[in-house]
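One structure is given here, and the rest of the page talks about it.
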Amino acid sequence: MNKFTSSLLLATSMFFSVSASAYIIQGSAFAGTDVGNLDTLLSQTTGLSNSNPITETNWVNSVLDPDTSFVLKTEDVDYFATDSATVFAFQLHSEPGYFLIKNARWWALLENNASADWGVVDFSLLDKGFKLPDLKDMEISHVSEFGKYVQVPEPSSLLIFGLGLLGLCAARRRSQKH
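Using my numbering, the letters of the sequence shown map in sequence onto residues 44 to 221.
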């Protein structure tokens, strides 16, 4: 039973020590840059009358609870191909909690995950009206940033692995005493 417990403890610690996968930019000046994980698509619309910050903020706050505030709007944003055929990344400037992309007559709201400096979007999840990706132009009409990204600390993989090994040593020591 001790070998079973030790094996189970080792397998569990190794399971939790596996790191999450991230997307890497291919080509361009940013080749090899780790841009983090996919950002969460929250909503899409084509029903906004214009793209001024007040209109966009009102729509964003109709989706989010609690409300957030407009931070920055960047025009003509270049995006970059990643190691996934449908996932593209672009730089964010204020480390926002949320960001909105606008292209053609479509808007999409996304929650910023993992890497606050990069927007990472799977264009296959967006409506066809976005006309993305446009592999000739590689540019989004504009990106608006909202709120501040709040990073939740996660335990280090090495720490978890070390605790697992410490537990195995303690269990082995206890079994040798009996």
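For glycine and all other residues, C-beta sits at the position ideal for the given N, C-alpha and C.
Just how far apart, CA to CA, sit residue i and residue j?
{"i": "D170", "j": "Q87", "result": "8 angstroms"}
{"i": "T222", "j": "P109", "result": "It is not possible to answer for residue 222, since the shown part of the chain is limited to 44 through 221."}
{"i": "S92", "j": "H185", "result": "16 angstroms"}
{"i": "G75", "j": "D126", "result": "10 angstroms"}
{"i": "K46", "j": "R215", "result": "9 angstroms"}
Evaluate residue i with the Cβ neighbour count: other Cβ atoms within 10 Å of its Cβ, from every protein chain shown; 16 or more gives buried, anything less gives exposed.
{"i": "F133", "result": "buried"}
{"i": "S62", "result": "Bear in mind that the predicted position of S62 carries a pLDDT of just 47, short of 50, making it unreliable; the figure below should be weighed with that in mind. Result: exposed."}
{"i": "L209", "result": "exposed"}
{"i": "I144", "result": "buried"}
{"i": "D82", "result": "buried"}
{"i": "I97", "result": "exposed"}
State yes or no: is the beta carbon of residue i nearer than 8 angstroms to at least one beta carbon in chain B?
{"i": "S112", "result": "In the structure shown, chain B does not exist; there is a single protein chain."}
Across which residues does DSSP place residue i in a beta bridge pair?
{"i": "S187", "result": "K116, L143"}
{"i": "S86", "result": "L152"}
{"i": "E182", "result": "D121"}
{"i": "W161", "result": "Q134"}
So, at 7 angstroms on beta carbons, what are the nonlocal neighbours of residue i in its own chain, with the 5 sequence-adjacent residues on each side left out?
{"i": "L85", "result": "V106, L152, L153, E154"}
{"i": "A128", "result": "none"}
{"i": "M181", "result": "D121, Y122"}
{"i": "S71", "result": "F123"}
{"i": "A147", "result": "G172, F173, K174"}
Within a Cβ cutoff of 8 angstroms, which residues of the same chain sit near residue i, ignoring the five residues on either side of it in sequence?
{"i": "Y141", "result": "L85, V103, L107, T111, L152, L153, E154, N155, E188, F189, G190"}
Going by the CB atoms, is the gap between residue j and residue i shorter than 8 angstroms?
{"i": "Q69", "j": "A157", "result": "no"}
{"i": "V114", "j": "S137", "result": "yes"}
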